[in-house]
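FYI, our numbering numbers position 249 of the sequence shown as 249, with every residue one higher than the one before it.
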Amino acid sequence: MQHKRIVAVVGATGAQGGGLARAILNDPEGGFAVRALTRKPSSPKAQELAQLGAEVVQADLDDPASLRRAFDGAYGAFCVTNFWEHFSPQRETAQAANMAAAAKSVGLHHVIWSTLEDTRRWIPLEDNRMPTLMGKYKVPHFDAKGEADRFFLEAGLPVTLLLTSFYFENFIYFGMGPRRTPNGKLVIAFPMGSEKLPGIAVEDIGKCAYGIFRSGAEFKGKTVGVAAEHLSGAEMAAALSRALGTEVVYEALEPEAYRNLGFPGAQDLGNMFQFNWEFAEDFCKARSIELSRRLNPSLQTFDAWLELNKSRIPIA
Ligand SMILES: NC(=O)c1ccc[n+]([C@@H]2O[C@H](COP(=O)([O-])OP(=O)(O)OC[C@H]3O[C@@H](n4cnc5c(N)ncnc54)[C@H](OP(=O)(O)O)[C@@H]3O)[C@@H](O)[C@H]2O)c1
């Protein structure tokens, strides 16, 4: 049997890592094998991956020794953190540092770090166009990831920094689907003016990551941004209207109004949208649709994704 290169996939039971794990497992001739990292190897999602042919191993991002064991003998690793589980940027940065150190200690040949911009490079803390959050962040779930890039870079790892985009799935799971206003209209409301936001189906992030591992040397030491489309709020609303067969309108909120919506993370997301809005050109330029399609020829447009997923969008 051909010797396969093992990719240790952090978050394999989740959305981004799951997309990568399935992309590898669906391509048995591709020369790669999946080692799925999880805190709970007996969970249904982990067992499902085992059934599909993944090696499932126990590891915890807060436990450096478990990461060294899980990365040992692998060719590469996909590294992702889940800010929304704990809302702690410091913990997210520490988890990334643990992954970088483990990757270095076992000598991995290719690491992908799923990151986002450190927005403080554009909006320093003293710039009060948006509030500073948690003492030293503007967009905590972005800044913590961007800050952690240096652990991978300073270790001299063969790393690809993967800039991800707004998941289309946010319309299903993240409470961002259309809401009915008192006058009966369906509305999506984001603070992004008439600027465009890069978006992608989360499964396609994993497929792009697979394309990066397959291309190997071309993307080591590079930053790669992925997106399926760059869409304005009005364009998203128009696509939702076509898919749902009923009019959805886009309402451009003020960032401050979004920050004050009161749900957990509203301030962080309000700042994020404001950053995306004010620096839309940089944000979109960093995420090439063309390159994403080259990495993943089955990349879904928002319309195509909606056709498959419209029945899963809750209308509040
Ligand atoms: N929503 C968006 O539009 C968007 C866009 C770009 C980036 N992001 C970022 O995406 C990240 C989340 O990725 P996702 O959507 O793929 O997550 P997800 O579907 O919620 O899954 C989280 C995964 O992380 C694993 N995990 C979490 N904590 C762990 C720990 N301590 N040790 C080991 N594994 C751990 C979980 O594994 P087990 O539970 O099996 O251990 C699970 O597989 C967030 O940081 C977010 O900021 C989101």
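For each residue, glycine too, the CB sits at the ideal point set by N, CA and C.
Bridge partner(s) assigned by DSSP for residue i
{"i": "Q47", "result": "None, per the DSSP bridge assignment."}
{"i": "S200", "result": "Sequence inspection shows Ile at residue 200; the Ser mentioned does not correspond to that position. DSSP lists Y167 as partners of I200."}
{"i": "Y137", "result": "L133"}
{"i": "F78", "result": "V9 and I112"}
{"i": "E229", "result": "G199"}
Start and end residues, alpha helix (DSSP H) containing residue i
{"i": "W84", "result": "F83 to H86"}
{"i": "H141", "result": "P140 to E154"}
{"i": "L20", "result": "A15 to L25"}
{"i": "L173", "result": "Strictly speaking, residue 173 in this sequence is Tyr, with Leu absent from that position. That run of the alpha helix (DSSP H) goes N170 to Y173."}
{"i": "R35", "result": "R35 -> not in any alpha helix (DSSP H); beta strand (DSSP E) instead, spanning F32 to T38."}
{"i": "T93", "result": "P89 to V106"}
{"i": "E290", "result": "I289 to L295"}
{"i": "E29", "result": "Here E29 belongs to no alpha helix (DSSP H), and DSSP marks it neither H nor E."}
{"i": "S241", "result": "G233 to L244"}
{"i": "R120", "result": "Premise fails: R120 is in no alpha helix (DSSP H) and is neither H nor E."}
{"i": "Y258", "result": "P255 to R259"}
{"i": "Q274", "result": "A266 to E278"}
Same chain, Cβ closer than 6 Å to residue i, neighbours up to 5 away in sequence not counted
{"i": "G11", "result": "G17 and V80"}
Counted within 10 angstroms of its Cβ, other Cβ atoms place residue i as buried (16 or more) or exposed
{"i": "P44", "result": "exposed"}
{"i": "S311", "result": "exposed"}
{"i": "F174", "result": "exposed"}
{"i": "I315", "result": "exposed"}
Same chain only: Cβ atoms within 8 Å of residue i, ignoring 5 sequence neighbours per side
{"i": "L163", "result": "T115, L116, E117, T223, V224, G225, V226, A286 and R287"}
{"i": "L61", "result": "V10, L67, T81, Q95, N98 and M99"}
{"i": "P158", "result": "L108, H109, H110, V111, K220 and G221"}
{"i": "R242", "result": "D303 and L306"}
Candidates the options, of which the one nearest residue i by Cα
{"i": "R68", "options": "E55, Q47 and L108", "result": "L108"}
{"i": "P28", "options": "A36, G184 and H3", "result": "H3"}
{"i": "F32", "options": "I212, W305 and Y258", "result": "I212"}
{"i": "F283", "options": "N260, S165 and L253", "result": "S165"}
Host beta strand (DSSP E) of residue i (start-end)
{"i": "T160", "result": "V159 to L163"}
{"i": "S114", "result": "H110 to T115"}
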